[in-house]
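Enquirer: One structure, pasted below without further comment.
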Amino acid sequence: MNRRIDIALTVNGERVARSVDTRLHLVDFLRTELGLTGAHTACEHGVCGACTVRVDGEPVRGCLVLAASLDGAVVETIEGLSDSGEIRDLQEAFVARNAAQCGYCTPGMLVTAADILTQAPNASREEIREHISGNYCRCTGYQAIVDAVEDTLKARRTREAVR
Amino acid sequence: MKWPAMGYARVESLDELWRVLDAAGPEAQILAGGQSLLATLSFRLSEPSGLVDITRIAALRGVSVAGSILRIGALTRHADLGRDPLVAAHAPILAAAAPLIAHPAIRNRGTIGGSLALADPAAELPACVVALDATIVIASKGGERRVPATDFFQGLFSTDLQPGEIIAAVEVPMATPASRQTIVEVTRRSGDYAMAGLAAVLSMQANGQVEAARLVYFGVGSGAEIARGASAALAGRRLDGTSIAAAKAALADDLDPPGDLHGGPELKRHLARVLTGRALSSFLAPAEQAA
Ligand SMILES: Cc1cc2nc3c(=O)[nH]c(=O)nc-3n(C[C@H](O)[C@H](O)[C@H](O)COP(=O)(O)OP(=O)(O)OC[C@H]3O[C@@H](n4cnc5c(N)ncnc54)[C@H](O)[C@@H]3O)c2cc1C
Ligand code: FES
Ligand code: FES
């Protein structure tokens, strides 16, 4: 069996092709091969959520995905979500609510929260808590993060209603 | 920790899988969602020579109905179980189990086949398929064989799967108007493995009498544990406070939970009794629930 494999995928809208070591996980691929250092690793076994990125439109644990398995995939990182403007309101709410302190968990938190904004636009506070419960934050006590996500959901609902 | 050096091969069909498995030898492992396997590699709990990625095999995908059977492909992800209309209509307990498994990002990759093959004693899906009296469809180079879920699980992380075999699908008898299905659990935090859990499947007559019951506990033993005494205590009786109390009492002989990080056997027995009350009273008419 091969220890290296060629993959071609789309990352933040750009085609990339690389030969990768088969033991490399997605976050190390993003950081070391592509210089995209937004996604962090902390636990590297699926528990903390710091590594959360999007694959084919859905949030996944970047530390539990083999880069080698991603031939043909579409990957979006926090850099891509920021640049596209998709979550500008969410990011502004994080700043306004002081929902980031050291910021280590923030990229994963934003990717996870972005998912609620589209999947569950009417999510309650409880549902927001449940949805982000797989993302650990050592600093904020979560209160400010839940506030920021809730503000964003409310603002988006209001904008929808006006439209 | 970083994963050990290992090979990787992606296969597109079952024929190709059998060829690659033959060539790779017994040290190679099947990779489905990777949400358990890759996590154990991070702990260096195992060092497979290589991983054979089955996620592109179309024959292992999809949910379909044939006659009175719901067939769920092994690659059906937890997130799919939670939103598939066929699953919601014909095996509601599986739809209800999905949100109890880990967190959204993990449910987007973890598969039912991987969960059943792993046979974690605290996992939701093995208990559900035992409670549903489902059949595991196993494929190998030699063809397919079908094993009742009750026989498939053989203990702690151990199943009837032989080398060279994979789970292809699960076949579930479809819910009827008489079926009542629910899953309940106690966890320390949302998304954690259960400290104790119960998958309950009953068939009930219109007059409130229980025709048959399968109460299957998880997180309280070496696997999905059918509580035969508690299930029998309900069969043929009206579901009410008295029969629920009888089922709870019967658990003393059904369960022999080992202590674990969460607590000792008596804590687990207590939780099992509490869950029994919660699950069964959810099947009562609202007026009786309040009583
Ligand atoms: C933080 C965290 C929390 C979790 N919490 C829970 C939880 O609360 N409840 C729960 O049930 N699970 C939980 N899980 C595990 C998760 O549900 C896994 O997705 C699942 O147990 C394994 O499925 P998989 O497809 O990812 O399998 P993989 O990890 O790819 O494989 C697991 C094992 O099954 C074998 N395998 C996979 N597919 C097949 C097949 N079709 N035929 C034969 N063998 C196969 C593999 O070779 C391997 O040995 C958690 C995981 C993490 C990381
Ligand atoms: S680094 Fe991936 S979940 Fe912690
Ligand atoms: S802001 Fe520091 S870990 Fe969340």
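Residue numbers (the numbering used here), protein chains in the order written: chain W, 955 to 1117; chain G, -11 to 279. Quick reminder that beta carbons are idealized off the backbone N, C-alpha and C, glycines included.
Examine chain G for any beta-carbon lying closer than 9 Å to the beta-carbon of W/Ala962, and answer yes or no.
Expert: Position 8 of the first sequence holds residue 962 of chain W. Output row for W/Ala962: interface = no.
Enquirer: Can you list, in chain order, the residues of its chain with a C-beta nearer than 7 Å to that of G/Leu227? Leave out the 5 residues immediately preceding and following it.
Expert: Taking the second sequence and counting its residues from 1, one reaches residue 227 of chain G at position 239. Correct list, in chain order: Met192, Gly196, Val198, Leu268, Phe271 and Leu272.
Enquirer: Please decide whether G/Trp(-9) counts as near chain W, where near means a Cβ-Cβ distance under 9 Å.
Expert: Taking the first residue of the second sequence as 1, we reach residue -9 of chain G at position 3. Interface residue, yes.
Enquirer: Just checking W/Thr1006 against ligand 3 - is the residue's beta carbon closer than 8 Å to any of the ligand's heavy atoms?
Expert: As a working mapping, residue 1006 of chain W is identified with position 52 in the first sequence. It does not: the Cβ of W/Thr1006 is nowhere closer than 8 Å to a heavy atom of ligand 3.
Enquirer: Shortest alpha-carbon distance to G/Ala93 belongs to which of W/Glu987, W/Ala1077, W/Cys1017 and W/Arg1113?
Expert: As a first step, residue 93 of chain G must be located in the second sequence, where it is residue number 105. For the residues W/Glu987, W/Ala1077, W/Cys1017 and W/Arg1113, the minimum Cα distance to G/Ala93 belongs to W/Cys1017.
Enquirer: Under 9 Å, do G/Pro136 and G/Ile124 count as touching if we go by C-beta distance?
Expert: Residue mapping note: residue 136 of chain G aligns to position 148 of the second sequence, counting from 1. Residue mapping note: residue 124 of chain G aligns to position 136 of the second sequence, counting from 1. Closer than 9 Å, so yes.
Enquirer: Return the residues of the segment 188 to 203 of chain G that lie within a Cβ-Cβ distance of less than 8 Å from chain W, sorted by chain order.
Expert: The segment 188 to 203 of chain G vs chain W, Cβ under 8 Å: nothing.
Enquirer: Suppose only complete runs of 3+ residues qualify. What are the beta strand (DSSP E) ranges in the segment 957 to 1003 of chain W, listed by chain order?
Expert: Segments of the beta strand (DSSP E) lying fully in the segment 957 to 1003 of chain W: 958 to 965 and 968 to 975.
Enquirer: Return the CA-CA distance between G/Gly55 and W/Ile1032, expressed in angstroms with no decimal places.
Expert: Your numbering for residue 55 of chain G matches position 67 in the second sequence. Your numbering for residue 1032 of chain W matches position 78 in the first sequence. The straight-line gap from Cα to Cα measures roughly 46 Å.
Enquirer: Please list, in chain order, all residues of the same chain as G/Ile18 whose beta carbon is under 7 Å from its beta carbon, the five residues on each side excluded.
Expert: Locating residue 18 of chain G in the second sequence gives position 30, counting from the first residue. For G/Ile18, where only same-chain residues beyond five positions count, the Cβ hits under 7 Å are Val40, Ile42 and Ile154.
Enquirer: Within the same chain, show all residues whose beta-carbon is closer than 8 Å to that of W/Glu1043, passing over the 5 residues directly before and after it, in chain order.
Expert: Looking up residue 1043 of chain W in the first sequence gives position 89. Note that residue 1043 of chain W is Asp in the sequence shown here, rather than Glu. The answer, listed in chain order, is Thr1106, Ala1109 and Arg1110.
Enquirer: Using a Cβ cut-off of 7 Å, pull out every chain A residue sitting near G/Tyr181, in sequence order please.
Expert: Of the chains in the structure shown, none is chain A; the protein chains are W and G.
Enquirer: Please list, in chain order, all residues of the same chain as G/Ala221 whose beta carbon is under 6 Å from its beta carbon, the five residues on each side excluded.
Expert: Here residue 221 of chain G refers to the residue found at position 233 of the second sequence. So the list reads Ala234, Ala235 and Ala238, once near-sequence residues are dropped.
Enquirer: Does the beta carbon of G/Gly41 sit closer than 9 Å to a beta carbon anywhere in chain W?
Expert: Here residue 41 of chain G corresponds to residue number 53 of the second sequence, with the count starting at 1. Residue 41 of chain G is actually Asp in this sequence, not Gly. For G/Asp41, the answer is yes, since a Cβ of chain W falls inside 9 Å of its Cβ.
Enquirer: Could you tell me which residues DSSP puts in a beta bridge with G/Ile57?
Expert: Position 69 of the second sequence, counted from the first residue, corresponds to residue 57 of chain G. Paired residue(s): G/Ala54 and G/Pro161.
Enquirer: Can you tell me whether G/Ser24 is helix, strand or coil according to DSSP?
Expert: Start at 1 with the first residue of the second sequence, and residue 24 of chain G comes out as number 36. In this structure, G/Ser24 counts as coil in the three-state DSSP scheme.
Enquirer: Check W/Ile1099 in the structure and name its three-state DSSP category.
Expert: Here residue 1099 of chain W is taken as the residue at index 145 of the first sequence, counted from 1. Of the three classes helix, strand and coil, the one that applies to W/Ile1099 here is helix, per DSSP.
Enquirer: Leaving out the 5 sequence neighbours to the left and right, which residues in its chain are closer than 6 Å to W/Ala971 when beta-carbon positions are compared?
Expert: The sequence position of residue 971 of chain W within the first sequence is 17, counting from 1. Closer than 6 Å at the Cβ level, and outside the excluded window around W/Ala971, lie Ala962.
Enquirer: 9 Å is my cut-off, CB to CB: does G/Gly22 come that close to chain W?
Expert: To locate residue 22 of chain G, count along the second sequence from 1; it is residue 34. Closer than 9 Å: yes.
Enquirer: Cβ of W/Gln1045 versus every heavy atom of ligand 3: is any distance shorter than 8 Å?
Expert: In the first sequence, residue 1045 of chain W corresponds to position 91, counting from 1. Outside the cutoff, so no.
Enquirer: Look up G/Ala(-7) in the DSSP assignment and say whether it is helix, strand or coil.
Expert: Reading the second sequence from its first residue, position 5 is the one you call residue -7 of chain G. In this structure, G/Ala(-7) counts as coil in the three-state DSSP scheme.
Enquirer: What residue range is occupied by the uninterrupted beta strand (DSSP E) comprising G/Ala356?
Expert: In the structure as shown, chain G begins at -11 and stops at 279. Residue 356 of chain G is therefore absent and cannot be evaluated.
Enquirer: Which word fits G/His66, buried or exposed, when buried means at least 16 other C-beta atoms lie within 10 angstroms of its C-beta?
Expert: Within the second sequence, residue 66 of chain G is the residue found at index 78, counting from 1. Counting Cβ neighbours within 10 Å, G/His66 comes out buried, since at least 16 surround it.
Enquirer: What I want to know is whether the C-beta of W/Cys1059 ends up closer than 8 Å to one or more non-hydrogen atoms of ligand 3.
Expert: In the first sequence, counting from the first residue as 1, residue 1059 of chain W sits at position 105. The answer is yes for W/Cys1059.
Enquirer: If contact is defined by three or more beta carbon pairs under 8 Å, each pair taking one atom from either stretch, is the segment 97 to 107 of chain G in contact with the segment 63 to 77 of chain G?
Expert: The segment 63 to 77 of chain G is in contact with the segment 97 to 107 of chain G.
Enquirer: Taking the alpha-carbon of G/Met183 as reference, which of G/Ala27, G/Trp(-9), G/Leu255 and G/Arg49 has the nearest alpha-carbon?
Expert: For the purposes of this step, residue 183 of chain G is taken as residue 195 along the second sequence, with counting starting at 1. Ranking G/Ala27, G/Trp(-9), G/Leu255 and G/Arg49 by Cα distance to G/Met183 puts G/Leu255 first.
Enquirer: With a threshold of 16 other CB atoms inside 10 Å of the CB of W/Glu1030, please say whether the residue is buried or exposed.
Expert: Along the first sequence, one-based indexing puts residue 1030 of chain W at 76. Result: buried.
Enquirer: Can you tell me whether DSSP reads G/Ser167 as helix, strand or coil?
Expert: By one-based count along the second sequence, residue 167 of chain G stands at place 179. Correct three-state label for G/Ser167: strand.
Enquirer: Quick check on DSSP: helix, strand or coil for G/Phe141?
Expert: In the second sequence, the residue the question calls residue 141 of chain G occupies position 153. In this structure, G/Phe141 counts as strand in the three-state DSSP scheme.
Enquirer: Hey, quick one: how far does the alpha helix (DSSP H) through G/Leu239 stretch, first residue to last?
Expert: Against the second sequence, residue 239 of chain G aligns to sequence position 251. Segment Gly229 to Asp242, the alpha helix (DSSP H) holding G/Leu239.
Enquirer: In chain order, what residues of the same chain lie with their CB nearer than 7 Å to the CB of W/Leu988, ignoring the 5 residues before and after it?
Expert: One-based indexing of the first sequence puts residue 988 of chain W at position 34. Within the same chain, W/Leu988 has close Cβ partners Val965 and Val970.
Enquirer: Distance cutoff 9 Å, beta carbons only. Does W/Pro1075 sit that close to anything in chain G?
Expert: By 1-based counting over the first sequence, the position of residue 1075 of chain W is 121. Not closer than 9 Å to any Cβ of chain G, the Cβ of W/Pro1075 fails to qualify, so no.
Enquirer: From which residue to which residue does the beta strand (DSSP E) around G/Ile18 run?
Expert: In the second sequence, counting from the first residue as 1, residue 18 of chain G sits at position 30. Where G/Ile18 is concerned, the enclosing beta strand (DSSP E) stretches over Gln17 to Leu19.
Enquirer: Within the present structure, is the beta-carbon of W/His999 separated from the nearest heavy atom of ligand 2 by less than 8 Å?
Expert: In the first sequence, counting from the first residue as 1, residue 999 of chain W sits at position 45. Flag set: Cβ of W/His999 near ligand 2.
Enquirer: Could you spell out the range, first to last residue, of the beta strand (DSSP E) harbouring G/Ala187?
Expert: As a first step, residue 187 of chain G is located in the second sequence; it is residue number 199 there, counting from the start. Note, G/Ala187: beta strand (DSSP E), Ala184 to Met192.
Enquirer: I'd like the span of the beta strand (DSSP E) that includes G/Arg41, first residue to last.
Expert: Within the second sequence, numbered from 1, the residue matching residue 41 of chain G stands at position 53. A small correction: the amino acid at residue 41 of chain G is Asp; Arg does not occupy that position in the sequence shown. First-last of the beta strand (DSSP E) with G/Asp41: Gly38 to Asp41.
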